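Just so you know, we're using the working numbering here: the sequence shown kicks off at 1487 and counts up by one. Don't be surprised by glycine CBs; every beta carbon is placed ideally from N, CA and C. Source: prediction; values computed, not measured.
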Amino acid sequence: MQDNIKLATRESPLALRQANIVKEYLLDNNVFNKIDIVAMSTSGDRADNETFKRNGGKGLFLKELENALIEGKAHIAVHSMKDVPARVNDGFLISSIMEREDPCDVFISNSYKSIEEISIGTIGSSSPRRQAMIKSLGKNINVVEMRGNINTRLKKLKNSNIDGIILAKAGLRRMEMDSLITQNLSVESFVPSPGQGVLCIECLSQHSEIMSKIKKIVHLNTEICVSAERIFAAQMDGDCMSPIGAHATIQKDLISITGFVATADGTRYIRNKIEGNKNNYKDLSTKLSNLFIKMGSKGMLKC
(Lines of atoms letter the chains of each structure in order from A and count residues from 1; the text may use other names and numbers.)
(Lines give C-alpha, C1' and ligand atoms only; values in the text may rest on other atoms or scores of the structure.)
Protein backbone atom coordinates (compact mmCIF):
# COMPACT_ATOMS: atom_id res chain seq x y z
CA MET A 1 0.00 0.00 0.00
CA GLN A 2 1.23 3.47 -0.93
CA ASP A 3 2.67 5.30 2.13
CA ASN A 4 4.73 8.01 0.42
CA ILE A 5 2.51 10.10 -1.81
CA LYS A 6 2.34 13.26 -3.90
CA LEU A 7 -0.50 15.72 -3.33
CA ALA A 8 -1.62 17.96 -6.20
CA THR A 9 -3.07 21.40 -5.56
CA ARG A 10 -3.67 24.72 -7.26
CA GLU A 11 -0.84 27.17 -6.73
CA SER A 12 -2.87 30.09 -5.31
CA PRO A 13 -1.98 31.14 -1.74
CA LEU A 14 -5.29 29.84 -0.37
CA ALA A 15 -5.04 26.52 -2.22
CA LEU A 16 -1.50 25.99 -0.95
CA ARG A 17 -2.59 26.80 2.58
CA GLN A 18 -5.44 24.31 2.31
CA ALA A 19 -3.13 21.65 0.89
CA ASN A 20 -0.78 22.09 3.82
CA ILE A 21 -3.68 21.88 6.28
CA VAL A 22 -4.71 18.54 4.75
CA LYS A 23 -1.10 17.34 4.60
CA GLU A 24 -0.59 18.02 8.31
CA TYR A 25 -3.89 16.34 9.15
CA LEU A 26 -3.02 13.19 7.19
CA LEU A 27 0.47 12.98 8.70
CA ASP A 28 -0.77 13.67 12.24
CA ASN A 29 -3.25 10.80 11.85
CA ASN A 30 -0.57 8.47 10.44
CA VAL A 31 -2.43 7.92 7.19
CA PHE A 32 0.77 8.33 5.15
CA ASN A 33 4.46 8.48 6.07
CA LYS A 34 5.50 11.23 3.67
CA ILE A 35 3.60 13.73 1.52
CA ASP A 36 5.08 15.99 -1.14
CA ILE A 37 2.98 18.88 -2.46
CA VAL A 38 2.80 19.42 -6.23
CA ALA A 39 1.49 22.94 -6.96
CA MET A 40 -0.08 23.55 -10.37
CA SER A 41 -1.66 26.36 -12.36
CA THR A 42 -5.16 25.46 -13.58
CA SER A 43 -7.37 26.59 -16.46
CA GLY A 44 -9.78 28.07 -13.93
CA ASP A 45 -7.05 30.30 -12.52
CA ARG A 46 -5.98 31.52 -15.96
CA ALA A 47 -9.38 31.96 -17.64
CA ASP A 48 -11.09 35.31 -18.09
CA ASN A 49 -14.75 35.65 -17.08
CA GLU A 50 -16.25 34.65 -20.44
CA THR A 51 -13.91 31.69 -20.95
CA PHE A 52 -14.60 30.56 -17.38
CA LYS A 53 -18.37 30.56 -17.93
CA ARG A 54 -18.20 29.05 -21.42
CA ASN A 55 -15.93 26.12 -20.54
CA GLY A 56 -17.40 24.69 -17.39
CA GLY A 57 -16.98 27.17 -14.58
CA LYS A 58 -15.56 25.77 -11.38
CA GLY A 59 -14.86 22.42 -13.03
CA LEU A 60 -11.90 24.11 -14.71
CA PHE A 61 -10.17 24.19 -11.33
CA LEU A 62 -10.06 20.38 -11.36
CA LYS A 63 -8.99 19.62 -14.92
CA GLU A 64 -5.20 19.85 -14.58
CA LEU A 65 -5.22 18.26 -11.13
CA GLU A 66 -7.19 15.28 -12.44
CA ASN A 67 -4.77 15.01 -15.37
CA ALA A 68 -1.92 14.91 -12.85
CA LEU A 69 -3.60 11.95 -11.17
CA ILE A 70 -4.09 10.17 -14.51
CA GLU A 71 -0.48 10.79 -15.57
CA GLY A 72 0.92 9.59 -12.24
CA LYS A 73 2.34 12.97 -11.26
CA ALA A 74 0.30 12.85 -8.05
CA HIS A 75 -1.62 10.27 -6.03
CA ILE A 76 -4.23 12.57 -4.51
CA ALA A 77 -5.54 16.09 -5.13
CA VAL A 78 -6.98 18.57 -2.64
CA HIS A 79 -9.91 20.82 -3.54
CA SER A 80 -12.40 23.12 -1.91
CA MET A 81 -15.51 20.95 -2.09
CA LYS A 82 -17.58 23.89 -3.34
CA ASP A 83 -15.40 23.91 -6.49
CA VAL A 84 -16.18 20.26 -7.29
CA PRO A 85 -19.09 19.63 -9.71
CA ALA A 86 -22.01 17.76 -8.13
CA ARG A 87 -21.38 14.84 -10.48
CA VAL A 88 -17.78 13.59 -10.26
CA ASN A 89 -16.09 12.50 -13.48
CA ASP A 90 -15.95 8.76 -14.15
CA GLY A 91 -12.77 7.14 -12.90
CA PHE A 92 -12.40 9.32 -9.81
CA LEU A 93 -13.29 9.03 -6.14
CA ILE A 94 -13.84 12.00 -3.86
CA SER A 95 -14.32 12.42 -0.13
CA SER A 96 -14.53 15.22 2.38
CA ILE A 97 -11.76 15.00 4.94
CA MET A 98 -11.86 17.28 7.97
CA GLU A 99 -14.57 18.91 10.05
CA ARG A 100 -16.26 21.74 8.19
CA GLU A 101 -15.05 25.31 8.65
CA ASP A 102 -17.70 28.04 9.05
CA PRO A 103 -19.66 27.79 5.75
CA CYS A 104 -21.21 31.26 5.68
CA ASP A 105 -20.64 34.00 3.12
CA VAL A 106 -19.32 37.32 4.39
CA PHE A 107 -19.67 40.94 3.29
CA ILE A 108 -16.55 43.10 3.20
CA SER A 109 -16.86 46.85 2.75
CA ASN A 110 -14.92 50.02 3.41
CA SER A 111 -18.10 52.11 3.32
CA TYR A 112 -20.91 50.16 5.00
CA LYS A 113 -21.34 48.15 8.20
CA SER A 114 -23.81 45.72 6.64
CA ILE A 115 -25.22 44.79 3.26
CA GLU A 116 -28.65 45.92 4.47
CA GLU A 117 -27.38 49.51 4.70
CA ILE A 118 -26.91 49.71 0.94
CA SER A 119 -29.91 51.16 -0.87
CA ILE A 120 -28.11 52.12 -4.08
CA GLY A 121 -24.67 50.73 -4.77
CA THR A 122 -22.38 48.16 -6.37
CA ILE A 123 -21.18 44.80 -5.04
CA GLY A 124 -18.54 42.58 -6.60
CA SER A 125 -19.08 38.83 -7.00
CA SER A 126 -18.56 36.33 -9.81
CA SER A 127 -20.73 33.63 -8.19
CA PRO A 128 -24.15 33.25 -9.89
CA ARG A 129 -25.57 32.06 -6.57
CA ARG A 130 -24.34 35.15 -4.70
CA GLN A 131 -25.36 37.43 -7.56
CA ALA A 132 -28.91 36.04 -7.49
CA MET A 133 -29.13 36.36 -3.71
CA ILE A 134 -27.91 39.97 -3.80
CA LYS A 135 -30.47 40.81 -6.49
CA SER A 136 -33.21 39.00 -4.53
CA LEU A 137 -32.79 41.58 -1.75
CA GLY A 138 -34.91 43.86 -3.93
CA LYS A 139 -32.59 46.84 -3.68
CA ASN A 140 -30.99 48.98 -6.36
CA ILE A 141 -27.70 47.11 -6.17
CA ASN A 142 -25.59 46.58 -9.26
CA VAL A 143 -23.54 43.39 -9.22
CA VAL A 144 -20.24 43.35 -11.09
CA GLU A 145 -18.08 40.36 -12.00
CA MET A 146 -15.11 39.91 -9.68
CA ARG A 147 -12.85 36.86 -9.95
CA GLY A 148 -9.37 36.18 -8.65
CA ASN A 149 -7.79 35.10 -5.38
CA ILE A 150 -8.60 36.76 -2.07
CA ASN A 151 -5.85 39.37 -2.29
CA THR A 152 -6.82 40.25 -5.87
CA ARG A 153 -10.43 40.84 -4.87
CA LEU A 154 -9.46 42.90 -1.83
CA LYS A 155 -7.22 45.03 -4.02
CA LYS A 156 -10.08 45.57 -6.49
CA LEU A 157 -12.33 46.61 -3.60
CA LYS A 158 -9.76 49.16 -2.46
CA ASN A 159 -8.97 50.56 -5.90
CA SER A 160 -12.40 50.61 -7.59
CA ASN A 161 -15.73 52.34 -7.07
CA ILE A 162 -17.56 49.39 -5.57
CA ASP A 163 -19.21 49.33 -2.17
CA GLY A 164 -18.38 45.80 -1.11
CA ILE A 165 -17.57 42.22 -2.03
CA ILE A 166 -18.88 38.83 -0.94
CA LEU A 167 -16.46 36.03 -0.07
CA ALA A 168 -16.53 32.69 1.76
CA LYS A 169 -15.61 33.04 5.42
CA ALA A 170 -13.75 29.72 5.42
CA GLY A 171 -11.05 30.95 3.04
CA LEU A 172 -10.49 34.14 5.02
CA ARG A 173 -10.16 32.18 8.25
CA ARG A 174 -7.69 29.74 6.75
CA MET A 175 -5.62 32.69 5.55
CA GLU A 176 -5.97 34.37 8.98
CA MET A 177 -7.67 37.36 7.35
CA ASP A 178 -11.04 37.19 9.09
CA SER A 179 -10.38 40.52 10.81
CA LEU A 180 -11.30 42.10 7.45
CA ILE A 181 -14.88 40.79 7.63
CA THR A 182 -17.54 43.48 7.89
CA GLN A 183 -20.56 41.21 8.29
CA ASN A 184 -21.29 37.50 8.50
CA LEU A 185 -24.24 36.70 6.21
CA SER A 186 -26.64 34.17 7.72
CA VAL A 187 -26.80 30.78 6.03
CA GLU A 188 -30.60 31.11 6.09
CA SER A 189 -30.55 34.24 3.90
CA PHE A 190 -27.41 33.50 1.88
CA VAL A 191 -27.63 29.72 1.52
CA PRO A 192 -24.04 28.54 0.91
CA SER A 193 -22.76 26.65 -2.09
CA PRO A 194 -22.91 22.84 -1.66
CA GLY A 195 -19.79 21.80 0.25
CA GLN A 196 -18.77 25.34 1.19
CA GLY A 197 -16.23 25.38 4.02
CA VAL A 198 -15.17 21.77 3.38
CA LEU A 199 -11.86 20.47 2.05
CA CYS A 200 -11.86 17.25 0.05
CA ILE A 201 -9.48 14.72 -1.42
CA GLU A 202 -9.74 13.18 -4.88
CA CYS A 203 -7.98 10.11 -6.26
CA LEU A 204 -8.34 7.66 -9.12
CA SER A 205 -10.92 4.89 -8.70
CA GLN A 206 -8.16 2.35 -9.33
CA HIS A 207 -6.42 3.66 -6.20
CA SER A 208 -9.35 2.82 -3.95
CA GLU A 209 -6.95 1.58 -1.26
CA ILE A 210 -5.76 5.17 -0.83
CA MET A 211 -9.32 6.39 -0.35
CA SER A 212 -10.00 3.53 2.07
CA LYS A 213 -7.20 4.79 4.30
CA ILE A 214 -8.49 8.36 4.09
CA LYS A 215 -12.08 7.31 4.83
CA LYS A 216 -10.98 6.01 8.23
CA ILE A 217 -10.39 9.57 9.48
CA VAL A 218 -13.20 11.53 7.82
CA HIS A 219 -15.46 13.67 10.00
CA LEU A 220 -18.65 11.63 9.68
CA ASN A 221 -21.24 14.39 10.19
CA THR A 222 -19.42 16.62 7.71
CA GLU A 223 -19.38 13.78 5.19
CA ILE A 224 -23.13 13.21 5.64
CA CYS A 225 -23.98 16.91 5.32
CA VAL A 226 -21.84 17.39 2.22
CA SER A 227 -23.28 14.27 0.60
CA ALA A 228 -26.82 15.53 1.27
CA GLU A 229 -26.02 18.93 -0.25
CA ARG A 230 -24.40 17.43 -3.33
CA ILE A 231 -27.29 15.01 -3.93
CA PHE A 232 -29.67 17.98 -3.94
CA ALA A 233 -27.45 19.95 -6.33
CA ALA A 234 -27.03 16.99 -8.70
CA GLN A 235 -30.78 16.41 -8.88
CA MET A 236 -31.35 20.05 -9.76
CA ASP A 237 -29.40 19.29 -12.97
CA GLY A 238 -27.60 22.60 -12.78
CA ASP A 239 -23.93 23.20 -13.39
CA CYS A 240 -21.21 25.14 -11.61
CA MET A 241 -22.58 28.37 -13.08
CA SER A 242 -26.15 27.81 -11.83
CA PRO A 243 -27.55 29.81 -8.89
CA ILE A 244 -27.96 26.83 -6.55
CA GLY A 245 -27.36 26.73 -2.81
CA ALA A 246 -27.58 23.84 -0.36
CA HIS A 247 -26.67 23.64 3.30
CA ALA A 248 -27.13 20.82 5.80
CA THR A 249 -26.59 20.75 9.56
CA ILE A 250 -26.83 17.97 12.13
CA GLN A 251 -27.99 18.24 15.74
CA LYS A 252 -27.69 14.88 17.50
CA ASP A 253 -29.43 12.54 15.01
CA LEU A 254 -31.50 15.22 13.24
CA ILE A 255 -30.35 16.55 9.88
CA SER A 256 -31.76 19.75 8.41
CA ILE A 257 -31.20 20.34 4.68
CA THR A 258 -31.90 23.74 3.13
CA GLY A 259 -31.99 24.29 -0.63
CA PHE A 260 -32.00 27.42 -2.75
CA VAL A 261 -32.57 27.89 -6.48
CA ALA A 262 -33.10 31.17 -8.35
CA THR A 263 -33.32 32.75 -11.74
CA ALA A 264 -30.12 34.52 -12.76
CA ASP A 265 -31.67 37.93 -12.09
CA GLY A 266 -32.85 36.91 -8.62
CA THR A 267 -36.45 37.98 -9.28
CA ARG A 268 -37.75 34.46 -8.69
CA TYR A 269 -36.35 32.00 -6.22
CA ILE A 270 -37.20 29.00 -4.05
CA ARG A 271 -35.81 28.52 -0.56
CA ASN A 272 -37.06 25.54 1.44
CA LYS A 273 -35.83 22.89 3.85
CA ILE A 274 -36.49 19.39 5.11
CA GLU A 275 -35.62 17.61 8.35
CA GLY A 276 -35.31 14.01 9.46
CA ASN A 277 -32.99 11.33 10.80
CA LYS A 278 -29.45 11.80 9.51
CA ASN A 279 -29.27 8.15 8.46
CA ASN A 280 -31.97 8.93 5.87
CA TYR A 281 -30.09 11.87 4.31
CA LYS A 282 -30.21 10.42 0.79
CA ASP A 283 -34.00 10.04 0.80
CA LEU A 284 -34.43 13.44 2.46
CA SER A 285 -32.29 15.17 -0.19
CA THR A 286 -34.27 13.47 -2.94
CA LYS A 287 -37.58 14.53 -1.34
CA LEU A 288 -36.34 18.12 -1.12
CA SER A 289 -35.23 17.99 -4.76
CA ASN A 290 -38.61 16.66 -5.87
CA LEU A 291 -40.35 19.45 -3.95
CA PHE A 292 -38.21 22.05 -5.73
CA ILE A 293 -38.92 20.45 -9.12
CA LYS A 294 -42.67 20.57 -8.44
CA MET A 295 -42.27 24.25 -7.55
CA GLY A 296 -40.61 24.98 -10.91
CA SER A 297 -36.91 24.99 -10.06
CA LYS A 298 -35.74 23.59 -13.39
CA GLY A 299 -37.54 26.30 -15.30
CA MET A 300 -35.84 28.90 -13.13
CA LEU A 301 -32.40 27.49 -13.88
CA LYS A 302 -33.06 27.87 -17.62
CA CYS A 303 -33.86 31.58 -17.28
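- The criterion of a C-beta distance shorter than 9 Å is satisfied by LYS1492 and ILE1523.
- For LEU1671, there is no enclosing alpha helix (DSSP H), as DSSP marks it with neither H nor E.
- Listed in chain order, the non-local C-beta contacts of ALA1750 below 7 Å within the same chain comprise PRO1614, ALA1618, PRO1729 and CYS1789, local neighbours out to five positions each way being set aside.
- With contact defined as three or more Cβ pairs closer than 8 Å, the stretch 1690-1705 and the stretch 1575-1587 are in contact.
- Contact check for PRO1678 against VAL1712 fails: the beta carbons are separated by 9 Å or more.
- At the C-beta level, GLN1692 and GLY1577 come within 9 Å of one another.
- Under the criterion of beta carbons closer than 8 Å, THR1528 and ARG1496 qualify as touching, at roughly 5 Å.
- About 6 Å separates the beta carbon of ILE1609 from that of ASP1649, a gap short enough to meet the 8 Å contact definition.
- By the Cβ-count criterion, GLY1745 is buried, with 16 or more other Cβ atoms from all chains shown falling within 10 Å of its own Cβ.
- Relative to ASP1569, the option among GLY1683, ARG1660 and LYS1764 whose CA is nearest is GLY1683.
- If you look at ILE1760, you'll find it isn't in any alpha helix (DSSP H); it sits in the beta strand (DSSP E) that goes 1755-1763.
- Within the same chain, LEU1500, ARG1503, GLN1504, ILE1507 and GLU1587 come within 8 Å of ARG1660 by CB-CB distance, once the 5 residues on both sides are set aside.
- Per DSSP, the continuous beta strand (DSSP E) segment holding THR1495 begins and ends at 1490-1496.
- Going by C-alpha positions, HIS1561 is about 6 Å away from LEU1555.
- Judged by DSSP in its simplified three-state form, GLN1617 adopts helix.
- Just so you know, the alpha carbons of ARG1639 and MET1632 end up roughly 7 Å apart.
- Separation of the CB atoms of ARG1754 and MET1786 is rounded to 6 Å, and the pair is thereby assigned contact status at 8 Å.
- In terms of CA proximity to GLU1709, THR1735 leads the group THR1735, LEU1690, GLU1761 and CYS1689.
- In the DSSP assignment, ILE1507 falls within the alpha helix (DSSP H) that extends over 1499-1514.
- Residues ILE1580 of the same chain have their beta carbon placed closer than 6 Å to that of VAL1574, with the five preceding and five following residues left out of the count.
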